[in-house]
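Trainee:
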Amino acid sequence: MNLALHDLADHLSASKEEIVDRWRQVCERDAELVLVSRLTREQFRNNIPSAIDEVCRALLADGAPPSTAAIEQEVARHGHHRWKQGFNLHQLIRDWGHFNQVMVERIDAFFCGRGPEDAPQRSLALRCLSDYMLEAASSSVRRFEELRQAQAASTAEDLRNLRQEFEQLTTARGRMLREAAHDLRGGLSAVVSASDVLKLSTEGDQSLSDVLETMDRGIRSVSEMLESLLDLSRLEAGADPPERRSVDIAEVLAELVRQHRTSANEKGLTLRWDGPDSLWVCTDPGKVRRIAQNLLVNALQHTRHGEVRLSCARGKDHWVLEVADTGPGIQDVSGSAVARELDRPERGQSLPQPKTTLSYTGEGIGLTIVKRLCEILDAEISLSSRPAKGSTFRVELPLDEAGSQGI
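Take 1 as the starting number for the sequence shown in the UniProt record's numbering and just add one per residue.
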């Protein structure tokens, strides 16, 4: 029987609470262990006295290696407590490191008052502690990795469930939009038919003709809104994939300007095309046209005087479409509803937030459609604006060299 090691075991067992207090003092001085100051004494110490008992049992066995199974059990409990308290792995290792430091100090203090003949026993005691700490550190890393993997798996499962729920809601919403739009369109057809009959029966009555003209404008507005709802439902259902081909996009956009020039003239606005005679790219011309048309119609709607300009240009690895106006502009672009819609992540990257719209007053669904079309075409859209000066929407689309050279 090694009396020195037995005496040390008795000493450590009797000093457990002092060791815990000293260990806490050292941890509280560690700038990387700020969590310690928020723990009660009981939360901090948890099962460490049992760990000290395990070291003492090894000493009483004359320095025999500690029981690995017992260490894993104690360390697992301590590691689990620290995990629940918010410690990361780095902090847990420092926590164990400080405990080791305090135990070494206590062992050194014990042998300091003994003769040189006990030097071998001191070395044996430190080796016994070292064996324990090696197993403790290894078990801590292993336990934390198990907890991390379990947490990651749980988070992944939660995300999968949320994504599935979101997709189900999106599908249900799209179905509801389509059904509502089709039902409303049927009712609208009846109104159109009635309006046509009234026109035939009120010829020569100017006041009734004016009323019917107002009704027709309202019908056209509602019809356009229904088409937009159907368009959005198809986009969100993924039923409108891109159909890329080589096309002179400058010709497509110039024709769009010509088609809207009459409505611009009626408002006293100048609608200008500012682009090259030809710009060949590989893209989906229909979707590009819908992007430009939504932005163009919005600009014409909100511009009271001056001009609206549609332009395109070729860059190094992309081509650019811009719609600029001399409308009222936006006071705070970054905080506006329009900017929040443009900055929203693409579908699949994050759960959606409530949608904002192209209109500066929050009406319509134009910008939502534009954003979805940009996502489909791998395009990026941005907005710049100055109050009383106007706004510019800029869309950057990838330039497919193969498509641009095939003309």
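Backbone N, C-alpha and C define an ideal beta-carbon position, used for all residues, glycine too.
Relative to the alpha-carbon of A313, which residue among I291, S278 and E224 has its alpha-carbon at the smallest distance?
Mentor: Looking up residue 313 in the sequence shown gives position 313. Among I291, S278 and E224, the Cα nearest to that of A313 is on S278.
Trainee: Note down, in chain order, each residue of its chain lying with its Cβ closer than 7 Å to the Cβ of E396, except the 5 sequence neighbours on either side.
Mentor: On the sequence shown, residue 396 is found 396 positions in, with the first residue counted as 1. The residues are H318, V320, A379 and E380.
Trainee: State the CB to CB distance for the pair N294 and I369, rounded to an integer number of angstroms; the pair is presumed to be in contact (CB under 8 Å).
Mentor: For the purposes of this step, residue 294 is identified with residue 294 of the sequence shown, where counting begins at 1. For the purposes of this step, residue 369 is identified with residue 369 of the sequence shown, where counting begins at 1. Contact flag correct, Cβ pair sits at about 6 Å.
Trainee: Less than 8 Å between the CB atoms is what I'm expecting for I291 and L373, so what's the real figure, rounded?
Mentor: Taking the first residue of the sequence shown as position 1, residue 291 is located at position 291. Taking the first residue of the sequence shown as position 1, residue 373 is located at position 373. With 8 Å as the limit, I291 and L373 qualify as a contact, their Cβ atoms being about 5 Å apart.
Trainee: Determine the direct distance from the alpha carbon of R143 to that of G79, and round the result to whole angstroms.
Mentor: As a working mapping, residue 79 is identified with position 79 in the sequence shown. As a working mapping, residue 143 is identified with position 143 in the sequence shown. G79 and R143: Cα-Cα distance of roughly 7 Å.
Trainee: Look up R244 in the DSSP assignment and say whether it is helix, strand or coil.
Mentor: One-based indexing of the sequence shown puts residue 244 at position 244. Coil, per DSSP.
Trainee: Run the CB neighbour count on A136, radius 10 Å, all protein chains shown included, and call it buried at 16 or more, exposed below.
Mentor: In the sequence shown, counting from the first residue as 1, residue 136 sits at position 136. Classification for A136: buried.
Trainee: For E322, count neighbouring Cβ atoms within 10 angstroms of its own Cβ and tell me buried if that reaches 16, exposed if not.
Mentor: In the sequence shown, counting from the first residue as 1, residue 322 sits at position 322. By the neighbour-count rule (16 or more Cβ atoms within 10 Å), E322 is buried.
Trainee: Considering Cα atoms alone, identify which of S138, E32, R22 and A264 is closest to A69.
Mentor: To locate residue 69, count along the sequence shown from 1; it is residue 69. The residue with the shortest Cα to Cα distance from A69 is S138.
Trainee: Can the beta-carbon of L300 be found closer than 8 Å to that of V288?
Mentor: Here residue 300 corresponds to residue number 300 of the sequence shown, with the count starting at 1. Here residue 288 corresponds to residue number 288 of the sequence shown, with the count starting at 1. Cβ atoms of L300 and V288: not closer than 8 Å.
Trainee: Which of helix, strand or coil does DSSP assign to G327?
Mentor: Here residue 327 is taken as the residue at index 327 of the sequence shown, counted from 1. Three-state result, G327: coil.
Trainee: Going by Cα to Cα distance, which pick from D274, M133 and H182 is closest to H98?
Mentor: The residue you call residue 98 lines up with position 98 of the sequence shown. Nearest C-alpha to H98: M133.
Trainee: Cβ of I330 within 8 Å of Cβ of S382?
Mentor: Here residue 330 refers to the residue found at position 330 when the sequence shown is read from its first residue. Here residue 382 refers to the residue found at position 382 when the sequence shown is read from its first residue. It is not a contact, given that the beta carbons lie outside the stated cut-off.
Trainee: So, under 8 Å CB-CB, L253 and R261 are touching, yes? Tell me the CB distance rounded to an integer number of Å.
Mentor: Taking the sequence shown and counting its residues from 1, the one referred to as residue 253 is at position 253. Taking the sequence shown and counting its residues from 1, the one referred to as residue 261 is at position 261. Actually they are not in contact, since the Cβ atoms of L253 and R261 sit about 13 Å apart, beyond 8 Å.
Trainee: With distance defined between alpha-carbon atoms, name the residue in E17, D158, R38 and K371 nearest to A51.
Mentor: Counting from 1 along the sequence shown, the entry for residue 51 is found at position 51. When only C-alpha atoms are compared, the closest one is E17.
Trainee: Out of A156, E145 and S223, which one is the CA nearest neighbour of A180?
Mentor: Residue numbering aside, residue 180 sits at position 180 when the sequence shown is read from its first letter. Minimum Cα distance to A180 is reached at S223.
Trainee: Excluding sequence positions up to five away, which residues of its chain have a Cβ less than 8 Å from the Cβ of I376?
Mentor: Residue mapping note: residue 376 aligns to position 376 of the sequence shown, counting from 1. For I376, where only same-chain residues beyond five positions count, the Cβ hits under 8 Å are L235, D240, P241, P242, D284 and K287.
Trainee: Given a cut-off of 8 Å, decide if Q151 and Q85 are closer than it, judged by their beta-carbon atoms.
Mentor: The residue labelled residue 85 in the question sits at position 85 within the sequence shown. The residue labelled residue 151 in the question sits at position 151 within the sequence shown. Cβ atoms of Q85 and Q151: not closer than 8 Å.
Trainee: List the whole-angstrom C-beta distance separating E32 from Q91, where the pair is believed to meet the contact cut-off of C-beta under 8 Å.
Mentor: The residue you call residue 32 lines up with position 32 of the sequence shown. The residue you call residue 91 lines up with position 91 of the sequence shown. The Cβ separation is near 6 Å, so the contact holds.
Trainee: How is R127 classed by DSSP in three states: helix, strand or coil?
Mentor: By one-based count along the sequence shown, residue 127 stands at place 127. Of the three classes helix, strand and coil, the one that applies to R127 here is helix, per DSSP.
Trainee: Put P398 into one of helix, strand or coil per three-state DSSP.
Mentor: Residue mapping note: residue 398 aligns to position 398 of the sequence shown, counting from 1. Looking at P398 - three-state DSSP - the assignment turns out to be strand.
Trainee: Measuring alpha carbon to alpha carbon, tell me which residue in A4, A237 and A324 is nearest E117.
Mentor: Taking the first residue of the sequence shown as 1, we reach residue 117 at position 117. Among A4, A237 and A324, the Cα nearest to that of E117 belongs to A4.
Trainee: Suppose you measure from the CA of C56 to the CA of S13; what does that come to, to the nearest Å?
Mentor: Reading the sequence shown from its first residue, position 56 is the one you call residue 56. Reading the sequence shown from its first residue, position 13 is the one you call residue 13. Using only the alpha carbons, I get a separation of about 7 Å.
Trainee: Quick check on T270: does DSSP put it in helix, strand or coil?
Mentor: Taking the first residue of the sequence shown as 1, we reach residue 270 at position 270. T270: strand per DSSP, three-state reduction.
Trainee: Is it right to say A9 is buried, meaning 16 or more other beta carbons lie within 10 angstroms of its own, or is it exposed?
Mentor: The count along the sequence shown starts at 1 and reaches residue 9 at position 9. So A9 counts as buried.
Trainee: Distance check for F111 and A119, CA to CA, integer angstroms please.
Mentor: Taking the first residue of the sequence shown as 1, we reach residue 119 at position 119. Taking the first residue of the sequence shown as 1, we reach residue 111 at position 111. Rounded to whole angstroms, A119 to F111 spans 8 Å at the Cα level.
Trainee: Apply the 10 Å Cβ neighbour rule to E54 and answer buried if 16 or more other Cβ atoms are within range, or exposed otherwise.
Mentor: As a position in the sequence shown, residue 54 is number 54, starting the count at 1. The residue in question, E54, is buried, as its Cβ has 16 or more Cβ neighbours within 10 Å.
Trainee: Closest by CA to G315, which one among S221, Q101, V281 and T303?
Mentor: Working through the sequence shown from its first residue, we reach residue 315 at position 315. When only C-alpha atoms are compared, the closest one is V281.
Trainee: What separation, rounded to the nearest whole angstrom, lies between the Cα atoms of L35 and R244?
Mentor: Along the sequence shown, read from residue 1 onward, the residue named residue 35 stands at position 35. Along the sequence shown, read from residue 1 onward, the residue named residue 244 stands at position 244. Going from the Cα of L35 to the Cα of R244 covers about 56 Å.
Trainee: With a Cβ-Cβ cutoff of 8 Å, do I19 and V102 count as a contact?
Mentor: If you number the sequence shown from 1, residue 19 lands on position 19. If you number the sequence shown from 1, residue 102 lands on position 102. Contact flag set, yes.
Trainee: Compute the beta-carbon to beta-carbon distance between R94 and D30, rounded to the nearest angstrom, for a pair I have assumed lies under 8 Å.
Mentor: Walking along the sequence shown from the start, residue 94 turns up at place 94. Walking along the sequence shown from the start, residue 30 turns up at place 30. That belief holds up - the Cβ atoms of R94 and D30 are roughly 6 Å apart, short of 8 Å.
Trainee: Identify, in the order they occur along the chain, each residue of the same chain with its Cβ nearer than 6 Å to the Cβ of W83, setting aside the five sequence neighbours on each side.
Mentor: Stepping through the sequence shown from its first residue, residue 83 is reached at position 83. Only L147 meet the Cβ criterion.
Trainee: In three-state terms, what does DSSP make of G115?
Mentor: As a working note, residue 115 is residue 115 in the sequence shown. Reduced to three states, the DSSP call for G115 is coil.
Trainee: Hey, out of S221, R38, E251 and T303, whose CA is closest to G268's CA?
Mentor: What you label residue 268 is simply residue 268 of the sequence shown in a count that begins at 1. Answer by Cα proximity: T303.
Trainee: In angstroms with no decimal places, state the Cα-to-Cα distance between R77 and R106.
Mentor: The residue given as residue 77 occupies position 77 in the sequence shown. The residue given as residue 106 occupies position 106 in the sequence shown. Rounded to whole angstroms, R77 to R106 spans 24 Å at the Cα level.
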